[in-house]
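Basically our numbering = 1-based index in the sequence shown + 51.
Ideal Cβ positions, reconstructed from N, Cα and C, are used throughout, including at glycine.
To keep things clear, I will list the structure first and then write my remarks on it.
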Amino acid sequence: MGQLDNRPESSGGTHSQETEAALSKVTQELRNLQENLMVQLTGDVEWLQSEKERLMQEIQTLRAEHSQLNAQQQQILSQQQQRWAKQLAQTIASHLQTSLARQVTEQQGAGNFEGLPSTALNDSSEAVYRSITSLDATLSTTFKALQRDLTSYQSSLSQQLSRMNSLEQQGEALLAALVERLSEQLQAVPLMEGGGDRRALTSEANASDGRSVWTSSSTLSSTPLDEPMPWNVTVPEEARTSAASSSSSKTVPIVPAPEPIVPPPAKVSAPSSSGKLQIGLLCVLLSSLMLSFHNVVVKILFRAQMVFNTFDLGGVISPGMGNSMLILWMRMVIVLPLMTILAQLLYPPMWSDLRKLAFARDRSTLLSVIVSGLLLFLSQVLIYTALGQIPAGTAIAIFFIYPVVTTLLSWKVLGQRPTLLQLGVMVPICVGGILTLPAGNAAATGNPVLGIVSAVFAGVTFAGYVIATGICARNLNPVPVTLMQFVTIFVLTSVTLLLPFPETILKVTLNPDNWPGFLIGCLVLGAATLLGYLLNNFGIRAIGPAPAAIVSATGPALTALLALIMIQEQLGALQWFGVILVTAAVLALSVEKMLAGAKKTA
């Protein structure tokens, strides 16, 4: 009986070894295929580039020769005309001289020159005039024939030049299409080995960059990069949705691994995939936590708080729209230089793209970038104002009406009809935002009406920013877009603070003794912004944009929880329920978009 019991184990071990051997063989063949394809495609791209350069040189040479021939032809024609005019004058002069000499000789021979009848002189003059007229008509006919010939030659040359230009454009378009196709194939080759966790990231890269550029330095997600609110929630999803409507046909097809070859306990690739997933989730979660911390720091700057129930901190600047703009300006002063260096490292062709954007004939993309920066500026100032007047969790929950506004704007502006689930999610988001409104006894902490209105309009302007950023992402990489938005915010805050607004509208007050604490707080805000941005983008590159959006959707709950832990900011039971309801609704919306994106990719 013992031998019979051991027999299945032996057969199972043999089957496992055969499976592992087959799996390793298939893996080796895929790697060999990848290397061969990479070598061949790289060679093809280099050959196409060399052919393009050769064609461009030949076209330049032909153009130079054409210009030289035109100049020579004009010079030769001018010289020929001068020679013809000189010969004509000489011929006329000699003809007249001969005719007059003959007539004078005849008259002298007759011995009666003075008595010559007037009729003879008139006949001679008429004969000379007829000769000159005939010669003039002949020359006019000759010149007209020459002019017609030159005109025909010029039209023929113009047609040949236009034909050459059309051939040049066709050649450039053909080479661009070939290079783009080879780039897509090069993108598809590493994805065969990477598995399903890169599928969403590839789709996002294609949607955010219409040129389908995929390099190690530009694998940055299509997140609008700035955490317009102190976190990066479902904004990438909204921006990608609007951008992908024009470039969804360029998505690289993913070849799934054949399931019969992979055994159920696939322990060979499990550690790396699971480790990468854990790191990505941790990065996105830390990014959301860092951005929620950003909100709480803004709250502390406006109102003194008992931090961790141990020491008093904050209250260095009074809440208000002018002081909110001052905080935003200081944040840009700190973040913008570091962001410029970071953007150059993440996307080396950034300055080239910005130069093309500045000198492009079509100003629509540049205008979209500036408008998105303006809307982001308004959203930032308004949400800072709201954080100074009402609890942080309440302000963020009210701000989260922006997915509702974004969906409606996408339907109206971009023609993207919302699904039934998206329409259904609007109701709990609005209900949750209403439930989080501060109670009547919360007026002592600030102006609740101003805080609520500011949070609502912050969400509305942020929705417009999402739509504008999605339009920019069709023609421009998100890295230069973000840098331009940062510059726009810095310029707008600087100009607004310098203008003499009435104090009732824009009042900036800061006690000189509080400057050190204010600067330290702004440094903390800048560090939290950059760190949250980096963690978010590293997480997106690890797990994809859709799962990252799901994790980032916990922003309201994390902000309320962190405010409770750090500064003991209390919310009522109904307000907590509203925060949870808004968070759950946004999570459902993110999951629905992830599933819809997975269906399109499949």
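Which term fits residue i, buried or exposed, when burial requires 16 or more other beta carbons within 10 angstroms of its beta carbon?
i	result
Gly94	exposed
Val155	exposed
Glu620	buried
Gly648	buried
Leu345	In the sequence as presented, Leu is not what sits at residue 345; that position holds His. It counts as buried.
Pro309	The predicted position of Pro309 is uncertain, since its pLDDT is 36 and thus under 50; no value can be drawn from it.
Thr292	In this prediction, Thr292 has a pLDDT of 43, which is less than 50 and means its spatial position is unreliable; what the coordinates show is noted afterwards. Thr292 is buried by the Cβ-count criterion.
Phe194	exposed
Thr149	exposed
Lys644	buried
Thr487	buried
Gln133	exposed
Ala495	Confidence at Ala495 is low in this model, with a pLDDT of 44, below 50, so its placement is unreliable and no value can be given for it.
Leu389	exposed
Asn83	exposed
Gln626	buried
Arg382	buried
Thr580	buried
Ser267	Caution applies to Ser267, whose pLDDT of 30 falls short of 50 and renders its modelled position unreliable; the value that the coordinates give is listed next. Label assigned to Ser267: exposed.
Ala188	exposed
Ala295	Confidence at Ala295 is low in this model, with a pLDDT of 42, below 50, so the placement of that residue should be treated as unreliable; the coordinate-derived value is given next. The residue in question, Ala295, is buried, as its Cβ has 16 or more Cβ neighbours within 10 Å.
Ile385	buried
Our contact map puts residue i next to residue j with C-beta atoms below 8 Å; I'd like the distance itself, whole angstroms only.
i	j	result
Gln440	Leu379	Actually they do not touch by this definition, with Cβ atoms about 16 Å apart.
Leu147	Val179	7 Å
Ile143	Leu186	7 Å
Val507	Leu438	Actually they are not in contact, since the Cβ atoms of Val507 and Leu438 sit about 14 Å apart, beyond 8 Å.
Leu99	Val230	6 Å
Ala514	Thr436	Not quite, the Cβ-Cβ distance comes to about 18 Å (not below 8 Å), so this is no contact.
Val476	Leu640	5 Å
Ala443	Ala614	4 Å
Met617	Val347	5 Å
Leu342	Gly583	4 Å
Leu418	Leu408	The pair is not a contact, with the Cβ atoms about 11 Å apart (cut-off 8 Å).
Leu212	His117	7 Å
Val367	Phe569	5 Å
Val464	Ile518	6 Å
Leu233	Leu113	Not quite, the Cβ-Cβ distance comes to about 28 Å (not below 8 Å), so this is no contact.
So what's residue i in DSSP terms, helix, strand or just coil?
i	result
Leu638	helix
Gln356	strand
Ala295	Reliability fails at Ala295, whose pLDDT of 42 lies under 50, so the model's placement of it is uncertain and the value that follows must be treated cautiously. Three-state result, Ala295: helix.
Leu527	coil
Phe362	strand
Thr560	coil
Val432	helix
Thr605	coil
Ile421	helix
Ile452	coil
Ile441	coil
Thr416	helix
Leu113	helix
Gln148	helix
Gly371	coil
Asn87	helix
Gln79	helix
Enumerate in chain order the residues of its own chain whose CB-to-CB distance from residue i is below 7 Å, with the five nearest sequence positions on each side excluded.
i	result
Ile330	Ala593
Gly365	Ile351, Leu352, Arg354, Ala355, Gln356
Leu226	Leu99, Lys103
Leu106	Gly222
Gly497	Pro370, Gly439, Gln440, Ile441
Ala446	Ile434, Ala437, Leu438, Gly502, Ala506
Val432	Met372, Ser375, Met376, Leu379
In its own chain, which residues sit with a C-beta less than 6 Å from the C-beta of residue i, not counting the 5 before and 5 after it?
i	result
Thr512	Leu426, Leu429, Ser430
Gly373	Leu557, Lys558, Val559
Cys334	Leu586, Phe589, Gly590
Pro553	none
Ile8	The structure shown does not extend to residue 8, since the chain spans only 52 to 653, so no value can be given for it.
Val467	The question names Val, but residue 467 is Gln in the sequence shown. Excluding sequence neighbours, Gln467 sits near Ser461.
Cβ of residue i less than 7 Å from any chain B Cβ?
i	result
Thr142	Absent from the structure: chain B. Only one protein chain is present.
Could you name the residues of the same chain whose beta carbon sits closer than 8 Å to that of residue i, not counting the 5 residues immediately before and after it, in chain order?
i	result
Gln473	Thr458, Leu640, Glu643
Met401	Ala394, Gln395, Asn528, Val530, Pro531, Leu534
- [ ] Report yes or no: do three or more beta-carbon pairs, one from the region 584–595 and one from the region 337–344, lie closer than 8 Å?
- [x] yes
- [ ] Say whether the region 405–421 touches the region 569–578, bearing in mind that this needs 3 or more beta-carbon pairs closer than 8 Å, one atom from each stretch.
- [x] no
- [ ] State whether the region 546–563 contacts the region 367–378, with contact taken as three or more CB pairs (one from each stretch) at a distance under 8 Å.
- [x] yes
Task: Segment contact, 8 Å Cβ cut-off, at least three pairs: the region 533–541 with the region 481–490 - done: no
Open item on the list: When you compare the region 356–363 with the region 629–649, are there three or more beta-carbon pairs, one atom per stretch, that lie closer than 8 Å?
Closed with: no
Open item on the list: Taking 8 Å as the cut-off, does the region 593–607 touch the region 440–457 (at least 3 CB pairs, one atom from each stretch)?
Closed with: yes
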